[in-house]
Structure formats: structure tokens, C-alpha cells
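Enquirer: The opening residue of the sequence shown carries number 1 in UniProt numbering; numbering runs sequentially from there. From the three backbone atoms N, C-alpha and C, an ideal C-beta is built for every residue, glycine too. Computed from a prediction, not measured in an experiment: that's the story for all the values here. Okay, handing you the structure first.
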Amino acid sequence: EDLNSSNSDASAVGNDTDTSITSGQGKQQSTKQNQTSAVRGRDRKQDSHRKLSTSDIYAAVCNKNGNGDEARGKPRQKHVKDKTEICMFFIKGNCRHEDRCFKAHDKMPYRWQVQEDGQWTDLPDNETIEEDYCDPKNTYSTSSPPVHFDTMKLGENKVRRLSTLNSLVEPTFIHTTEWLWYWQDENGMWKLYGSDSGTHGSADINSATLEQKFLDNSEDEVEFSAGSQSYSLSFQDMIQTNKQYSTKRLVSRRPRFVSASDVKTKKFRRPLHSAPENWDKTKIPATGFLRVDLQRTSEEFQKVEALFSSTMQGFDIIKIERIQNKALWEVFQWQKNRMRDNNGGRYVTEKQLFHGTDSQHVDAICNDNFDWRICGTHGTAFGKGSYFARDAKYSDSYTGHMKDKTMFVSRVLVGRYTKGDPSYVRPPPKNDETNYYNSCVNDVKDPSIYVVFEKHQIYPEYLLKYKTRGTQDVSGTSVFVQKSKPILKPVPVAKPAISSYQPSTSSYQSSTS
């Protein structure tokens, strides 16, 4: 049975319980218009991109007409800007700006307010309202009088929800707001996207993916699959439609609940222990990436060099750089945990694999990860995804014809894999058609090529710059060419027909092991 049974009520389309626009809708929008994180109900045009507060408008009118406090001989009151995003540093107790901070100061990462006489006032049952709101089955709060979530009103007064930044905008910050996506089944039960919902097929899209697409374009329509069925999800209507039967389901977007006790236990930034111990902690930018040169005498350099040289004799490594991208690493760790949870807590198979590319794509990959549509256009023999090789020799053929070549060594969560096919745009389902493989390969018994369709399963760890031995170096001196030794054929080892999850190997252990 799929997400939408054919006999479901196609007309059961009510008001969306949450189509809020938050400050997480892209940093570019936040910086452009100081976008509000407040929830304003279903209508996005209902002040969702509000720039002026009620006090701003009142002050402007008084100033223009000359009938304000100053005109009446009273001292002019100090202008107070409406603050709609909560300061995460204040929650931690270390906001340096204090009263000069342009963000709202609150001890919680959310704040429910009601508008009375043109002013926004805090509601007393803040945590109770939030807990009710985080459950998609609730259309109003249990507080008295109740807050109606579909209209975002308390009686006749408007209600809004202030919050911290979206967790996808700042994935390494604590006290961010994580948004979850749900759909309502034929029994009125709300199911989380991407989770195993028992009798229904698990969707091949999850909350994080939906949220990112929503932040990119809140008027978009997303297509996905669950089992044998295909669906479309309209962000504007918050309706999911079965493309075969045209049945419709309600969709809800709600934050993950965080209690006051949860906030107290999160007093520090997410520890950097999730980053490798070998990272240079002084060269981890807040955004973007930095490449750090490895010393030739270091054990780290020598292990990467050995991995490369095992199939690439006759080449000289010019340098090896470690890529330090905090955001990509955190997302990679999140994906690993998610795959592990979906596999009953068992470890996910992780490998170090090679990817050769043109030098023009290097910075884009270091910053935004691999995108097969841009840097993976050399072939789709085993599916339309990003290709990685066990052997550097294979990847070398995709590095272009420049004298100095570049190649990535990446961590890849290959998980459970199956034989690929040119028509695949994602891994096929397993036998039960409710769960999917994690990647595709050229040969299940002895894979040497891996295809990954989700970039979150990849972390570009090292960048190698190398050249053919015998070419001139930068000083113009000819380099001696030594006859390469024959490569010893490895002893074949019996492998299972389908890979199973295994504990992750050492960061620098050969992926052929």
C-alpha cells in the first residue's frame, strides 16, 4: 500500500497548519530584508516579509504630520525596531552586543507573541504552545485561550512565532530551529517523510531535503517516489498528490520540539570532535572552506600517497591538500547517522575513493560538494550520479590533458549497493520495494566503480595535485624517469553477493581492503 490509497478522499484539503517563512529561508534573503522568522499563518503574503513594524509606521506618520510627541511638546521617544529573529548567542549567555543587538533576546529559541493595540506581547504559556504546535495533529493549543495554528490567531488578535535561524543555514550552531515535514495518511495519522511508516512505502525524500528545497524556493513543486508510486508536493498548497490516482494528502511543516531543560543542556557549540582529529583547528572557516597543505614527512601525507601510488606508478605528487569545510563535514556526519538509524543502528560502509576532474571544478566541489550535473558528465553507464573509483588509475583518465592534474580522495558512504544501470537516477529498491539501496556499482562481487546519487553521502577529503614523472618542474629542470615496477596482482578474496553494513575503516585505510 502506498502513501495515498486510491480510495482516499481527494477533496480532503484543509488549511495548511504550517507554511511559515522563517529566517532560515536562505542567508541571502535574510541579509536582504531582515526576513522575519515569525509564523504568520497560511498566507505567505500576510506580512511574511515584513520590513516595518507597527511602531515604525506610527513613528513615520507622526513625523510627517507633525502631531507626534515632539510636536506636542513632549520629549521624543527612542525608536525601537521590531526584532523578529532570536539571538542564539544570548541563549548561550554571551551576546556581546547586549541592547544594541539587532536580534531579539530570549532564553528560549522560540517565542510566541500576540499583537495587542499595535504592539507584540509575549504569551505566558510559551513552552506549552510550542509543544502543541510541534505536533502536526494539533490545530490549536491547549492553553487558555487557545492559539489557532491554522489562522495564527488568538481570538481576533494576530499571533506570531519568533525563532532562531534554520538548522540548515547554520548546521553547526546550537539552538537553531530544525523543521520536520509530515504527511497525513488515510486514517488521519501524521507520518514523517522518509521514515518507515509500516504499511506505507517509505518516501525517497526526507525532512532535510524537503526543507532545503523549501528554502531554495517556497513556491516550488517537488516530485518524489514511495514504493511503486510517484508523487508531487506543492509548497504553495502544502498538498501531496499521487500522480497515478490523483489522490491528495495534507502536508505539514512543524519544528522539532525543544524544552527548557533541553536548552539548558546545550550551553556550548556543537563540539568539534565530530571533525577529524587531524584537522588544523586554526583553519576552520565559519563558512566555506580552506585547503591545508600536508607536510611530506607527515604520516597523513604518506598514507594518502600510498593509496594513490598503489595503482599510479610513474607519477609524482606535487602536493596534497586537506579540505576543511565545516558545513559539508557536519552534513556528512548527519547523513551517516541517518543511514545507520535506518539500518537498525548498524554501521554504514564507508570508503575512501578517487574522483578525477577538471581543475575548473575544484573550488566548486570544495565549497558545495559533488554535483554530477556539473562535474560528472563523463558517463552514466551505471546511473546518473557522481562516480568514484577504488583505483586512482581509473580516475586519472578523467583529469583532462593538463600537465598538472588534480584528483580528489573522498569519503563515501556506499552503504548497501547493487549493480547499476544507465537509466537509474537513484538506487533501485530492495526486494521489499520499501527500502532502497544506498549506491550502485559496476560489479557487486568485486566493485571498483561506485555511483552515489545523494551528495550528502560524500565528503571531499583531500585534493591531490600531481604530474607524469619525467615532465619538467617549475624550475625547468628535467626530472629523472625511473622504470616503474610491475604492479602485483592482489590475491582474490571471496566477497558476498550484496555488500552488508560494516564498521567504518580507518580514515586512511585503503578502500580496497
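(1) Pull the bridge partners of residue 429 from the DSSP assignment, please.
(2) Taking contact to mean 3 or more Cβ pairs, one atom from each stretch, closer than 8 Å, check whether the segment 434-452 and the segment 310-324 are in contact.
(3) In the DSSP assignment, what residue or residues form a beta bridge with residue 148?
(4) Just reading off the beta strand (DSSP E) that residue 206 is part of, what are its end residues?
(5) Using a Cβ distance threshold of 8 Å, determine whether the segment 153-164 contacts the segment 221-241, with at least three qualifying pairs required.
(6) Report the three-state DSSP secondary structure of residue 381 (helix, strand or coil).
(7) Need the endpoints of the beta strand (DSSP E) that residue 410 sits in, please.
(8) Just to check, is the beta-carbon of residue 105 closer than 7 Å to a non-hydrogen atom of the ligand COA?
(9) Per the DSSP calculation, residue 100 is bridged to which residue(s)?
(10) In this structure, how does DSSP classify residue 362 when only helix, strand and coil are distinguished?
(11) Along the beta strand (DSSP E) that carries residue 389, what are the first and last residues, could you check?
(12) Report the three-state DSSP secondary structure of residue 454 (helix, strand or coil).
(13) Out of 122, 100 and 412, which has the shortest C-alpha to C-alpha gap to residue 350?
(14) Nearest to residue 220 by CA position, among 234, 208 and 207, is which residue?
(15) Compare the Cα-Cα distances from residue 455 to each of 329, 214, 236 and 286 and report the closest residue.
(16) Find out if the Cβ-Cβ distance for the pair residue 126, residue 111 is shorter than 8 Å.
(17) If you drop the 5 nearest sequence neighbours on each side, which residues of the same chain put their C-beta closer than 6 Å to that of residue 222?
(18) According to DSSP, is residue 116 part of a helix, a strand, or is it coil?
(19) Among 416, 422, 384 and 360, which residue has its Cα nearest to the Cα of residue 400?
(20) Please list the terminal residues of the continuous alpha helix (DSSP H) segment that includes residue 265.
(21) Can you name, in chain order, every residue of its own chain whose Cβ lies under 8 Å from the Cβ of residue 131, other than the five neighbours on each side?
Expert: In this structure, then:
(1) For the purposes of this step, residue 429 is taken as residue 429 along the sequence shown, with counting starting at 1. Residue pairing for residue 429: DSSP places it in a beta bridge opposite 436.
(2) no
(3) Counting from 1 along the sequence shown, the entry for residue 148 is found at position 148. Note: residue 148 sits in a beta bridge opposite 140 and 153.
(4) Here residue 206 refers to the residue found at position 206 of the sequence shown. Unbroken run through residue 206: none, as it is neither H nor E.
(5) Because the criterion of three Cβ pairs below 8 Å is not met, the segment 153-164 and the segment 221-241 do not touch.
(6) Counted from its first residue, the sequence shown places residue 381 at position 381. Shown here, residue 381 sits in coil according to DSSP, grouped into three states, outside any helix or strand.
(7) Working through the sequence shown from its first residue, we reach residue 410 at position 410. For residue 410, the enclosing beta strand (DSSP E) starts and ends at 404-413.
(8) For the structure depicted, the ligand COA is absent and the ligand set is empty, with no information on it obtainable.
(9) Taking the first residue of the sequence shown as 1, we reach residue 100 at position 100. Answer is none; residue 100 lacks a bridge partner.
(10) Numbered from its first residue, the sequence shown carries residue 362 at position 362. Residue state, collapsed to three classes: helix.
(11) Reading the sequence shown from its first residue, position 389 is the one you call residue 389. Counting along the chain, the beta strand (DSSP E) containing residue 389 begins and ends at 386-389.
(12) Counting from 1 along the sequence shown, the entry for residue 454 is found at position 454. Coil, per DSSP.
(13) In the sequence shown, residue 350 corresponds to position 350, counting from 1. Closest option to residue 350, Cα to Cα, is 412.
(14) Within the sequence shown, numbered from 1, the residue matching residue 220 stands at position 220. The shortest C-alpha separation from residue 220 is found at 234.
(15) To locate residue 455, count along the sequence shown from 1; it is residue 455. When only C-alpha atoms are compared, the closest one is 329.
(16) Mapped onto the sequence shown, residue 126 falls at position 126. Mapped onto the sequence shown, residue 111 falls at position 111. Yes. Within cutoff.
(17) Taking the sequence shown and counting its residues from 1, the one referred to as residue 222 is at position 222. Once the five neighbours on either side are set aside, the close Cβ partners of residue 222 are 213 and 233.
(18) On the sequence shown, residue 116 is found 116 positions in, with the first residue counted as 1. Three-state result, residue 116: strand.
(19) Counting from one through the sequence shown, the residue named residue 400 turns up at place 400. Nearest C-alpha to residue 400: 360.
(20) Numbered from its first residue, the sequence shown carries residue 265 at position 265. Note, residue 265: alpha helix (DSSP H), 260-265.
(21) The residue given as residue 131 occupies position 131 in the sequence shown. Cβ within range, chain order: 257 and 259.
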